[in-house]
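Peer 1: There's a structure below that I have some questions on.
This is the structure we're talking about:
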(Lines of atoms letter the chains of each structure in order from A and count residues from 1; the text may use other names and numbers.)
(Lines give C-alpha, C1' and ligand atoms only; values in the text may rest on other atoms or scores of the structure.)
Protein backbone atom coordinates (compact mmCIF):
# COMPACT_ATOMS: atom_id res chain seq x y z
CA UNK A 1 0.00 0.00 0.00
CA UNK A 2 1.49 3.30 -1.12
CA UNK A 3 -0.46 6.49 -0.53
CA UNK A 4 0.19 9.59 -2.59
CA UNK A 5 -1.13 12.61 -0.74
CA UNK A 6 -0.40 14.64 2.43
CA UNK A 7 -3.82 14.02 3.98
CA UNK A 8 -2.85 10.60 5.40
CA UNK A 9 0.23 12.17 7.01
CA UNK A 10 -1.85 14.90 8.63
CA UNK A 11 -4.66 12.57 9.62
CA UNK A 12 -3.18 11.96 13.12
CA UNK A 13 -3.28 15.68 13.85
CA UNK A 14 -6.93 15.77 12.83
CA UNK A 15 -7.76 12.74 14.96
CA UNK A 16 -6.02 14.02 18.09
CA UNK A 17 -8.28 17.06 18.22
CA UNK A 18 -11.29 15.44 16.62
CA UNK A 19 -14.63 16.80 17.74
CA UNK A 20 -17.02 15.15 16.91
CA UNK A 21 -15.50 11.67 17.34
CA UNK A 22 -13.96 9.80 14.44
CA UNK A 23 -17.11 7.86 13.56
CA UNK A 24 -18.88 11.14 12.90
CA UNK A 25 -15.93 12.60 11.00
CA UNK A 26 -15.87 9.71 8.56
CA UNK A 27 -19.47 10.48 7.59
CA UNK A 28 -19.27 14.26 7.66
CA UNK A 29 -18.71 15.93 4.30
CA UNK A 30 -18.55 19.35 5.92
CA UNK A 31 -15.58 18.34 8.08
CA UNK A 32 -13.71 17.00 5.05
CA UNK A 33 -14.43 20.14 3.07
CA UNK A 34 -13.22 22.51 5.79
CA UNK A 35 -10.12 20.41 6.49
CA UNK A 36 -9.11 20.23 2.84
CA UNK A 37 -9.67 23.97 2.42
CA UNK A 38 -7.31 24.65 5.32
CA UNK A 39 -4.62 22.26 4.10
CA UNK A 40 -4.50 23.87 0.66
CA UNK A 41 -2.72 26.90 2.12
CA UNK A 42 -0.25 25.06 4.35
CA UNK A 43 3.42 24.48 3.57
CA UNK A 44 3.58 20.71 4.05
CA UNK A 45 6.81 19.57 2.43
CA UNK A 46 10.38 20.50 1.52
CA UNK A 47 11.14 22.62 4.59
CA UNK A 48 14.72 23.50 5.55
CA UNK A 49 16.40 21.03 7.94
CA UNK A 50 19.68 22.92 8.44
CA UNK A 51 19.04 23.44 12.15
CA UNK A 52 17.25 20.16 12.87
CA UNK A 53 18.96 17.64 15.16
CA UNK A 54 17.53 14.24 16.07
CA UNK A 55 16.58 14.18 19.75
CA UNK A 56 16.63 10.69 21.30
CA UNK A 57 15.87 11.77 24.87
CA UNK A 58 13.14 9.18 25.29
CA UNK A 59 15.45 6.20 24.75
CA UNK A 60 17.59 5.10 27.69
CA UNK A 61 20.24 3.52 25.45
CA UNK A 62 21.22 5.89 22.68
CA UNK A 63 22.09 4.72 19.21
CA UNK A 64 25.54 5.69 17.89
CA UNK A 65 25.71 9.25 16.64
CA UNK A 66 25.79 10.02 12.91
CA UNK A 67 29.24 9.86 11.37
CA UNK A 68 31.26 13.10 11.30
CA UNK A 69 30.46 15.59 8.55
CA UNK A 70 27.04 14.06 7.83
CA UNK A 71 23.93 16.23 8.08
CA UNK A 72 20.19 15.60 8.01
CA UNK A 73 19.00 15.47 4.42
CA UNK A 74 15.45 14.18 4.86
CA UNK A 75 13.05 13.30 7.67
CA UNK A 76 10.13 11.01 6.96
CA UNK A 77 7.20 9.46 8.74
CA UNK A 78 6.88 5.86 7.63
CA UNK A 79 3.62 3.90 7.73
CA UNK A 80 3.49 0.29 6.67
CA UNK A 81 3.81 -3.32 7.75
CA UNK A 82 6.41 -5.64 9.23
CA UNK A 83 6.27 -9.11 7.67
CA UNK A 84 6.78 -12.44 9.45
CA UNK A 85 6.59 -16.17 8.81
CA UNK A 86 5.88 -19.15 11.06
CA UNK A 87 6.82 -22.80 10.63
CA UNK A 88 4.68 -24.23 13.44
CA UNK A 89 2.77 -23.19 16.56
CA UNK A 90 5.75 -23.55 18.90
CA UNK A 91 8.26 -21.67 16.73
CA UNK A 92 9.21 -18.04 17.08
CA UNK A 93 8.07 -15.75 14.25
CA UNK A 94 10.79 -14.98 11.72
CA UNK A 95 11.08 -11.47 10.32
CA UNK A 96 11.15 -11.33 6.52
CA UNK A 97 11.32 -7.58 6.08
CA UNK A 98 8.98 -4.63 5.87
CA UNK A 99 7.19 -2.31 3.50
CA UNK A 100 6.29 1.32 4.17
CA UNK A 101 5.35 4.58 2.54
CA UNK A 102 7.71 7.40 3.53
CA UNK A 103 5.99 10.77 3.92
CA UNK A 104 7.97 14.02 3.85
CA UNK A 105 7.86 15.28 7.45
CA UNK A 106 10.40 18.09 7.12
CA UNK A 107 7.92 20.88 7.88
CA UNK A 108 6.41 19.16 10.90
CA UNK A 109 9.73 18.19 12.48
CA UNK A 110 11.30 21.60 11.88
CA UNK A 111 8.31 23.32 13.47
CA UNK A 112 7.77 21.08 16.51
CA UNK A 113 9.91 17.99 17.02
CA UNK A 114 8.12 16.92 20.21
CA UNK A 115 4.83 16.91 18.36
CA UNK A 116 6.42 14.96 15.54
CA UNK A 117 7.59 12.27 17.97
CA UNK A 118 3.94 11.67 18.91
CA UNK A 119 2.82 10.94 15.38
CA UNK A 120 4.09 7.37 14.88
CA UNK A 121 2.13 6.09 17.86
CA UNK A 122 -1.02 7.85 16.69
CA UNK A 123 -0.68 6.93 13.03
CA UNK A 124 0.00 3.27 13.78
CA UNK A 125 -3.39 3.00 15.46
CA UNK A 126 -5.24 4.41 12.46
CA UNK A 127 -6.64 1.54 10.34
CA UNK A 128 -5.15 1.25 6.88
CA UNK A 129 -8.68 1.37 5.49
CA UNK A 130 -9.15 4.80 7.04
CA UNK A 131 -5.92 6.05 5.47
CA UNK A 132 -7.11 4.78 2.10
CA UNK A 133 -10.40 6.57 2.67
CA UNK A 134 -8.66 9.88 3.32
CA UNK A 135 -6.31 9.36 0.37
CA UNK A 136 -9.32 9.06 -1.94
CA UNK A 137 -9.93 12.78 -1.35
CA UNK A 138 -6.46 13.68 -2.70
CA UNK A 139 -7.70 15.45 -5.81
CA UNK A 140 -9.74 17.86 -3.68
CA UNK A 141 -6.67 19.30 -1.99
CA UNK A 142 -4.48 19.77 -5.02
CA UNK A 143 -1.96 17.82 -7.07
CA UNK A 144 1.11 17.97 -4.80
CA UNK A 145 2.32 14.75 -3.20
CA UNK A 146 3.79 14.44 0.27
CA UNK A 147 5.46 11.13 -0.52
CA UNK A 148 9.20 11.23 -0.01
CA UNK A 149 9.72 7.65 -1.10
CA UNK A 150 9.22 4.04 -0.19
CA UNK A 151 10.95 1.48 1.99
CA UNK A 152 11.03 -2.24 1.31
CA UNK A 153 13.30 -5.27 1.40
CA UNK A 154 14.90 -6.68 -1.73
CA UNK A 155 14.79 -10.33 -2.80
CA UNK A 156 18.11 -10.77 -0.99
CA UNK A 157 16.54 -9.46 2.27
CA UNK A 158 18.38 -6.12 2.13
CA UNK A 159 16.62 -2.99 3.41
CA UNK A 160 16.14 -0.51 0.58
CA UNK A 161 15.12 3.14 0.67
CA UNK A 162 14.01 4.71 -2.61
CA UNK A 163 13.44 8.47 -2.52
CA UNK A 164 13.21 8.89 -6.27
CA UNK A 165 9.41 9.00 -6.21
CA UNK A 166 9.62 12.60 -5.01
CA UNK A 167 11.89 13.69 -7.83
CA UNK A 168 15.14 13.25 -5.90
CA UNK A 169 17.99 11.09 -7.13
CA UNK A 170 18.73 9.62 -3.71
CA UNK A 171 18.40 5.97 -2.76
CA UNK A 172 20.18 3.50 -0.52
CA UNK A 173 20.62 -0.21 -0.12
CA UNK A 174 21.51 -0.48 3.54
CA UNK A 175 22.65 -2.76 6.34
CA UNK A 176 21.90 -2.62 10.06
CA UNK A 177 24.84 -1.40 12.16
CA UNK A 178 23.16 -0.83 15.54
CA UNK A 179 19.91 -1.70 17.28
CA UNK A 180 18.37 -0.80 20.65
CA UNK A 181 15.10 -1.93 22.15
CA UNK A 182 12.22 0.48 21.89
CA UNK A 183 10.70 1.79 25.13
CA UNK A 184 7.76 -0.60 24.54
CA UNK A 185 9.77 -3.53 23.22
CA UNK A 186 6.95 -6.07 23.41
CA UNK A 187 4.85 -3.97 21.03
CA UNK A 188 7.21 -1.78 18.99
CA UNK A 189 10.04 -2.83 16.71
CA UNK A 190 13.57 -1.76 17.76
CA UNK A 191 15.21 1.55 16.95
CA UNK A 192 17.93 1.14 14.33
CA UNK A 193 20.92 2.79 12.75
CA UNK A 194 21.62 1.63 9.22
CA UNK A 195 24.51 2.40 6.89
CA UNK A 196 24.37 2.57 3.12
CA UNK A 197 26.31 -0.10 1.24
CA UNK A 198 25.25 1.25 -2.14
CA UNK A 199 23.27 4.20 -3.34
CA UNK A 200 23.20 7.92 -4.08
CA UNK A 201 23.10 10.75 -1.54
CA UNK A 202 22.17 8.73 1.55
CA UNK A 203 24.92 7.50 3.86
CA UNK A 204 23.09 6.63 7.09
CA UNK A 205 19.48 6.04 8.13
CA UNK A 206 17.89 6.07 11.57
CA UNK A 207 14.60 4.34 12.34
CA UNK A 208 13.40 5.72 15.67
CA UNK A 209 10.25 6.41 17.69
CA UNK A 210 8.70 3.22 16.40
CA UNK A 211 5.10 2.25 17.04
CA UNK A 212 3.85 -1.28 16.52
CA UNK A 213 5.35 -3.85 14.19
CA UNK A 214 6.60 -6.30 16.82
CA UNK A 215 5.61 -9.93 16.39
CA UNK A 216 3.92 -12.05 19.06
CA UNK A 217 6.27 -14.08 21.24
CA UNK A 218 5.38 -17.37 19.53
CA UNK A 219 3.61 -18.56 16.40
CA UNK A 220 0.71 -20.06 18.33
CA UNK A 221 -2.49 -19.22 16.51
CA UNK A 222 -0.69 -17.39 13.70
CA UNK A 223 -0.79 -18.15 9.99
CA UNK A 224 2.32 -19.22 8.07
CA UNK A 225 2.78 -15.65 6.88
CA UNK A 226 1.41 -12.54 8.57
CA UNK A 227 1.99 -8.81 8.85
CA UNK A 228 1.89 -6.31 11.72
CA UNK A 229 1.10 -2.63 11.17
CA UNK A 230 3.76 -0.14 12.25
CA UNK A 231 4.81 3.47 11.98
CA UNK A 232 8.19 5.08 12.61
CA UNK A 233 10.36 8.11 12.05
CA UNK A 234 13.09 7.78 9.43
CA UNK A 235 16.01 10.21 9.46
CA UNK A 236 18.31 10.25 6.43
CA UNK A 237 21.88 11.58 6.62
CA UNK A 238 24.24 12.38 3.78
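Numbering (mature numbering (1 follows the signal peptide of the UniProt record, and there is no 0)), first residue to last: -18 to -1, 1 to 220. In this text, a Cβ means the ideal position worked out from N, Cα and C, and glycines have one as well.
1) Going by DSSP, what residues sit across from residue 64 in a beta bridge?
2) If you measure between the beta carbons of residue 128 and residue 143, is that distance less than 7 Å?
3) Assign residue 46 to buried or exposed, taking buried as 16 or more other Cβ atoms, counted over all protein chains shown, within 10 Å of its Cβ.
4) Alpha carbon to alpha carbon, what distance is there between residue 204 and residue 188?
5) Report the residue from 82, 93, 97 whose alpha carbon sits nearest the alpha carbon of residue 33.
6) Are residue 217 and residue 36 closer than 7 Å when you measure CB to CB?
7) Report yes or no: do three or more beta-carbon pairs, one from the stretch 152 to 167 and one from the stretch 76 to 94, lie closer than 8 Å?
8) Evaluate the contact criterion for the stretch 208 to 216 versus the stretch 49 to 61: three or more CB pairs, one atom per stretch, below 8 Å.
9) Here's the rule: buried if 16 or more other CB atoms are within 10 angstroms of the residue's CB, otherwise exposed. What is residue 167?
10) What distance in whole Å lies between the Cβ atoms of residue 85 and residue 130, which are believed to be in contact at a cut-off of 8 Å?
11) List the whole-angstrom C-beta distance separating residue 55 from residue 193, where the pair is believed to meet the contact cut-off of C-beta under 8 Å.
12) Enumerate in chain order the residues of its own chain whose CB-to-CB distance from residue 178 is below 6 Å, with the five nearest sequence positions on each side excluded.
13) Mind reading off the beta-carbon distance from residue 170 to residue 196? Whole number of angstroms is fine, and I expect it under 8 Å.
14) So is residue 87 buried or exposed if we call it buried at 16+ other beta carbons inside 10 Å?
15) Note down the Cα distance separating residue 198 from residue 146, rounded to an integer number of angstroms.
16) The beta strand (DSSP E) with residue 141 in it runs from where to where?
17) Rank 52, 80, 53 by C-alpha distance to the C-alpha of residue 65 and give the top, closest one.
18) Looking at the structure shown, is residue 225 part of a helix, part of a strand, or coil, going by DSSP?
19) Looking only at its chain, what residues have a beta carbon closer than 7 Å to the beta carbon of residue 91, apart from the 5 residues adjacent to it on each side?
20) Enumerate in chain order the residues of its own chain whose CB-to-CB distance from residue 219 is below 7 Å, with the five nearest sequence positions on each side excluded.
21) Pick helix, strand or coil for residue 138, following the three-state DSSP scheme.
22) Nearest by alpha-carbon distance to residue 201: which of 71, 149, 151 is it?
23) Since I believe residue 82 is in contact with residue 133 (beta carbons under 8 Å), could you give me their beta-carbon distance rounded to a whole number of angstroms?
24) Going by DSSP, which residues form a beta bridge with residue 175?
Peer 2: In short, the structure shows the following:
1) 80, 210
2) Cβ atoms of residue 128 and residue 143: not closer than 7 Å.
3) exposed
4) 30 Å
5) 93
6) yes
7) no
8) They touch, by the three-pair rule.
9) exposed
10) 6 Å
11) For residue 55 against residue 193, the beta-carbon gap comes to about 23 Å, at or over 8 Å, which does not count as contact.
12) 154, 156, 184, 185
13) 6 Å
14) buried
15) Residue 198 and residue 146: Cα-Cα distance of roughly 34 Å.
16) Segment 141 to 144, the beta strand (DSSP E) holding residue 141.
17) 80
18) In the structure as shown, the chain starts at -18 and stops at 220, and residue 225 therefore has no counterpart that could be examined.
19) 34, 57, 98
20) 48, 52, 53, 54, 55, 185, 186
21) coil
22) 71
23) 5 Å
24) 160, 188
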